[in-house]
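Asker:
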Amino acid sequence: MPGRVRTLSGFLRWAEQFNDGQYLFRGVRKKSYKIEAGACRRLPKADRYNPAKLLKINQELIDKARLLGHDQLNGERLSDLPLLAELQHFRAATCLIDFTRNALIALWFACEQIATTESQEQKKKTDSKDKVEETDGKVYAVRIDDPARFRTITSELLEKDIDHFFRVDGNGRYPLYQWQPKLQNNRIIAQQSVFIFGGAKIEAADECIISRGAKENLLKILDKLVGLTDATIYPDSDGFARLHVQNNPDFEPDPQGYLQRGIEVHQKGEREEAITHYTTVISPLPDETAQPPDKDILSWGHHHRGIAYLGEEPSDSAVDLAIEDFTEAIQLKTEIIESVPENPARTRRLKRELARTYIYRGAARYWQKGDFDGAITDYTRAIELDPEYAEAYNYRGFAHLNNGDIDKAIADYVKATDIDQELTEAYKDRATAYLANSDFDKAIADYTKAIQLDPDDTNIYNYRGFAYFRNSEVDKAIDDLSIAIQLKPDSAGAYYTRGIVQLSLQNWEEAKTDLKTAANNQLDVATEFQQSYGSVEDFERGMDVELPVDIASILTGESTSTNIL
Numbered sequence: 002m003p004g005r006v007r008t009l010s011g012f013l014r015w016a017e018q019f020n021d022g023q024y025l026f027r028g029v030r031k032k033s034y035k036i037e038a039g040a041c042r043r044l045p046k047a048d049r050y051n052p053a054k055l056l057k058i059n060q061e062l063i064d065k066a067r068l069l070g071h072d073q074l075n076g077e078r079l080s081d082l083p084l085l086a087e088l089q090h091f092r093a094a095t096c097l098i099d100f101t102r103n104a105l106i107a108l109w110f111a112c113e114q115i116a117t118t119e120s121q122e123q124k125k126k127t128d129s130k131d132k133v134e135e136t137d138g139k140v141y142a143v144r145i146d147d148p149a150r151f152r153t154i155t156s157e158l159l160e161k162d163i164d165h166f167f168r169v170d171g172n173g174r175y176p177l178y179q180w181q182p183k184l185q186n187n188r189i190i191a192q193q194s195v196f197i198f199g200g201a202k203i204e205a206a207d208e209c210i211i212s213r214g215a216k217e218n219l220l221k222i223l224d225k226l227v228g229l230t231d232a233t234i235y236p237d238s239d240g241f242a243r244l245h246v247q248n249n250p251d252f253e254p255d256p257q258g259y260l261q262r263g264i265e266v267h268q269k270g271e272r273e274e275a276i277t278h279y280t281t282v283i284s285p286l287p288d289e290t291a292q293p294p295d296k297d298i299l300s301w302g303h304h305h306r307g308i309a310y311l312g313e314e315p316s317d318s319a320v321d322l323a324i325e326d327f328t329e330a331i332q333l334k335t336e337i338i339e340s341v342p343e344n345p346a347r348t349r350r351l352k353r354e355l356a357r358t359y360i361y362r363g364a365a366r367y368w369q370k371g372d373f374d375g376a377i378t379d380y381t382r383a384i385e386l387d388p389e390y391a392e393a394y395n396y397r398g399f400a401h402l403n404n405g406d407i408d409k410a411i412a413d414y415v416k417a418t419d420i421d422q423e424l425t426e427a428y429k430d431r432a433t434a435y436l437a438n439s440d441f442d443k444a445i446a447d448y449t450k451a452i453q454l455d456p457d458d459t460n461i462y463n464y465r466g467f468a469y470f471r472n473s474e475v476d477k478a479i480d481d482l483s484i485a486i487q488l489k490p491d492s493a494g495a496y497y498t499r500g501i502v503q504l505s506l507q508n509w510e511e512a513k514t515d516l517k518t519a520a521n522n523q524l525d526v527a528t529e530f531q532q533s534y535g536s537v538e539d540f541e542r543g544m545d546v547e548l549p550v551d552i553a554s555i556l557t558g559e560s561t562s563t564n565i566l
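Yeah, the sequence shown ends on 566 if you go by the working numbering, and it's all consecutive.
Laid out in structure tokens, this is it:
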């Protein structure tokens, strides 16, 4: 359960737990409000967490604004993100979610409406329990220093169209983006605002309920002690805003400072420099830090350096170093947990963080080492630490599937979807397990659910098309594969699968065109065919067809001319 506070000292005690990393805060005046963009609330309830729908409504907003000439500022045309920020400043609902680096500003927003607009007479009338609870506020804390989850908007990314930020990454997940606009208006400066947006849900590290009856007094204290008022939160002039510009002194970084430097460059894709900073945290030279790092900072140094070592296409030695770092981070975090049993809230948060490190080590063992059993052990430990971690069940299910334990895989996927009914990857992966079990109807049903959640994912149409083919529904198979090609015209896999379906129908010319197009898009058609069907003769017997010689040569790799033209 989230903590509940009535005093500033109580709130500060809650906020003290977030000194071990980089966090953003968001205050909402009603505790029932979720972390969601304003544009989400314009969508039907069933579509509020659909990335494709959220993207579409923002694209429509941008198009309308440009059509009406609202995309100009100081004589220059705004790119999509600055345009959305400008529109949101004037109360338009966009995909951008306002956060602040200042926990006290978030507290002010959590107290804002009820305590400032509700008269004493009105308060006397709201004496029912339900009404009182409905007006409690809430402050969310979100950890943003996970380079694998959060990306920082650079000047180059700032010029991208909005659809760029709603694409899945190489792991099939939607990244989240954090953006602190450089061309800041007065309000952004005063509120120390940072925008978070993207196609993924934002998970809170913790929540704090602000009691309704304490809001008015908290606002008075915030005004008296730190000068937070309507006027300072919503400044009306540049002069007023300048009073709140903060010039940070240039201190030599401590271990936390080097960790933050590493995270900042890591999120920009500069992994080698990030590793250098993380190493300074872990093994500082005598003159580099004024004090040794505590265990929590040290554990994060190992955790993030492990992620940086993995990078893209890591060498075997880099993978070994990553696993060593994750192991050290696990040991340190475990020792920290054992030392704070009297603080249940912090213990829960630390366990969630430790679960993520087990996931990373499991992924390194699975993807880079092929150690399925080791990965399953790590995923299981993550689940023990955080039983509501849906993605951990999904990862373990995938490892079980590739280890040949289809029933265990399906059980994990079921648990993942029970926890998070909008986890697209779980439906996709469970469908793959059903497909391996030749349970085509269930596979098709799960792929269909995945498409409902993410209708722009080319691969899902490709997979469902193959499932339809295996289920002898060839017309539906061709329809799905054609949609996949329409969404991604260079999808070699979709062309290949559609070519195979055309072979089963003896549509030789269509099949040949698709197979050659797949080859022209860098797919090794012969190897793919042999892995799936064995020899040409085996395929002919299974499909009860006799392949033309020129097609057989494509499937065996004997054809040296693959270009259609």
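No residue lacks a Cβ here, since even glycine has one placed at the ideal position from N, Cα and C.
The model shown is predicted, which means the values in this text are computed figures rather than measured ones.
Where are the beta strand (DSSP E) runs, 3 residues long or more, that stay fully inside the region 13-92, in chain order?
Answerer: Runs of the beta strand (DSSP E) inside the region 13-92: 24-29.
Asker: Can the beta-carbon of G258 be found less than 8 Å from the beta-carbon of I283?
Answerer: Along the sequence shown, read from residue 1 onward, the residue named residue 258 stands at position 257. Along the sequence shown, read from residue 1 onward, the residue named residue 283 stands at position 282. No.
Asker: Would you check if there are 3 or more beta carbon pairs closer than 8 Å linking the region 185-196 to the region 159-176?
Answerer: Contact fails: fewer than three Cβ-Cβ distances are below 8 Å.
Asker: Measure the alpha-carbon distance for A553 versus I377 and round it to whole angstroms.
Answerer: By 1-based counting over the sequence shown, the position of residue 553 is 552. By 1-based counting over the sequence shown, the position of residue 377 is 376. Using only the alpha carbons, I get a separation of about 41 Å.
Asker: Throw me the rounded Cβ distance for the F26 and A86 pair, which I believe falls under 8 Å.
Answerer: Taking the sequence shown and counting its residues from 1, the one referred to as residue 26 is at position 25. Taking the sequence shown and counting its residues from 1, the one referred to as residue 86 is at position 85. Actually they are not in contact, since the Cβ atoms of F26 and A86 sit about 19 Å apart, beyond 8 Å.
Asker: If you draw a straight line from the C-alpha of Q1 to the C-alpha of D297, how long is it?
Answerer: Nothing can be reported for residue 1, as the shown portion of the chain is limited to 2 through 566.
Asker: Which whole-angstrom value describes the C-beta separation of G494 and N463, a residue pair presumed to lie in contact below a C-beta threshold of 8 Å?
Answerer: Sequence index remark: in the sequence shown, residue 494 carries index 493 (1-based). Sequence index remark: in the sequence shown, residue 463 carries index 462 (1-based). About 5 Å; that satisfies the 8 Å criterion.
Asker: Rounded to the nearest angstrom, how far is the Cβ of Y448 from that of A417, given a contact under 8 Å?
Answerer: For the purposes of this step, residue 448 is taken as the residue at position 447 of the sequence shown. For the purposes of this step, residue 417 is taken as the residue at position 416 of the sequence shown. Not really, about 16 Å apart at Cβ, beyond 8 Å.
Asker: Do A356 and A393 have their CB atoms nearer than 8 Å?
Answerer: For the purposes of this step, residue 356 is identified with residue 355 of the sequence shown, where counting begins at 1. For the purposes of this step, residue 393 is identified with residue 392 of the sequence shown, where counting begins at 1. Result yes, Cβ atoms of A356 and A393 sit closer than 8 Å.
Asker: Under the DSSP definition of a beta bridge, which residues are partnered with E157?
Answerer: Within the sequence shown, numbered from 1, the residue matching residue 157 stands at position 156. Bridge partners of E157: none, in fact.
Asker: Taking 6 Å as the limit between beta carbons, can you name the residues of its chain near F399, skipping five residues before and five after?
Answerer: On the sequence shown, residue 399 is found 398 positions in, with the first residue counted as 1. Closer than 6 Å at Cβ, skipping near neighbours: D430.
Asker: Let's see if you can read the secondary structure: which residues bound the beta strand (DSSP E) around K139?
Answerer: Here residue 139 corresponds to residue number 138 of the sequence shown, with the count starting at 1. It spans 138-144 - the beta strand (DSSP E) in which K139 sits, taken as one unbroken run.
Asker: Quick one: what does DSSP say E271 is sitting in, helix, strand or coil?
Answerer: Within the sequence shown, residue 271 is the residue found at index 270, counting from 1. Note: E271 maps to coil in three-state DSSP.
Asker: Taking the straight line between their C-alpha atoms, what separation do you get for H304 and T358?
Answerer: Walking along the sequence shown from the start, residue 304 turns up at place 303. Walking along the sequence shown from the start, residue 358 turns up at place 357. C-alpha separation (whole angstroms): 7 Å.
Asker: Looking at C-alpha atoms only, which residue of D99, I63, I36 is the closest neighbour of L88?
Answerer: As a working note, residue 88 is residue 87 in the sequence shown. The shortest C-alpha separation from L88 is found at I63.
Asker: Taking C-alpha atoms, which residue in T381, N404, F110 lies nearest to W368?
Answerer: Sequence index remark: in the sequence shown, residue 368 carries index 367 (1-based). Of the listed residues, the one whose Cα sits closest to W368 is N404.
Asker: Could you check what DSSP says for Y178 in three-state terms: helix, strand or coil?
Answerer: For the purposes of this step, residue 178 is taken as the residue at position 177 of the sequence shown. Strand at Y178.
Asker: Would you grab the beta carbon distance between G173 and E426 for me? Rounded to a whole angstrom, and I think it's under 8 Å.
Answerer: As a first step, residue 173 is located in the sequence shown; it is residue number 172 there, counting from the start. As a first step, residue 426 is located in the sequence shown; it is residue number 425 there, counting from the start. That pair is a contact at about 6 Å.
Asker: What are the start and end residues of the alpha helix (DSSP H) that includes G4?
Answerer: As a position in the sequence shown, residue 4 is number 3, starting the count at 1. Note, G4: premise wrong, no alpha helix (DSSP H); beta strand (DSSP E) at 4-6.
Asker: From which residue to which residue does the beta strand (DSSP E) around T1 run?
Answerer: Any question about residue 1 goes unanswered here, given that the chain covers just 2 to 566.
Asker: When you compare each of E385, A149, K517, A512 to R306 by their alpha carbons, which one comes out closest?
Answerer: In the sequence shown, residue 306 corresponds to position 305, counting from 1. Comparing Cα-Cα distances from R306 to each of E385, A149, K517, A512, the minimum goes to A149.
Asker: Report yes if the CB atom of A139 is closer than 8 Å to the CB atom of V29, and no otherwise.
Answerer: Here the question's residue 139 lines up with position 138 in the sequence shown. Here the question's residue 29 lines up with position 28 in the sequence shown. Note that residue 139 corresponds to Lys in the displayed sequence, not to Ala. Yes, the pair counts as a contact, with Cβ atoms nearer than the cut-off.
Asker: Less than 6 Å between C-beta atoms, sequence neighbours within five positions excluded: which residues of the same chain meet that for K489?
Answerer: Start at 1 with the first residue of the sequence shown, and residue 489 comes out as number 488. The answer, listed in chain order, is T459.
Asker: In this structure, how does DSSP classify E208 when only helix, strand and coil are distinguished?
Answerer: Your numbering for residue 208 matches position 207 in the sequence shown. Of the three classes helix, strand and coil, the one that applies to E208 here is strand, per DSSP.
Asker: Work out the CA separation of K513 and G199 for me, nearest whole Å.
Answerer: In the sequence shown, counting from the first residue as 1, residue 199 sits at position 198. In the sequence shown, counting from the first residue as 1, residue 513 sits at position 512. The straight-line gap from Cα to Cα measures roughly 40 Å.
Asker: Judging by CA-CA distance, which residue of I337, G76, T230 is the nearest neighbour of W1?
Answerer: Any answer about residue 1 is impossible in this case: the structure gives the chain only from 2 up to 566.
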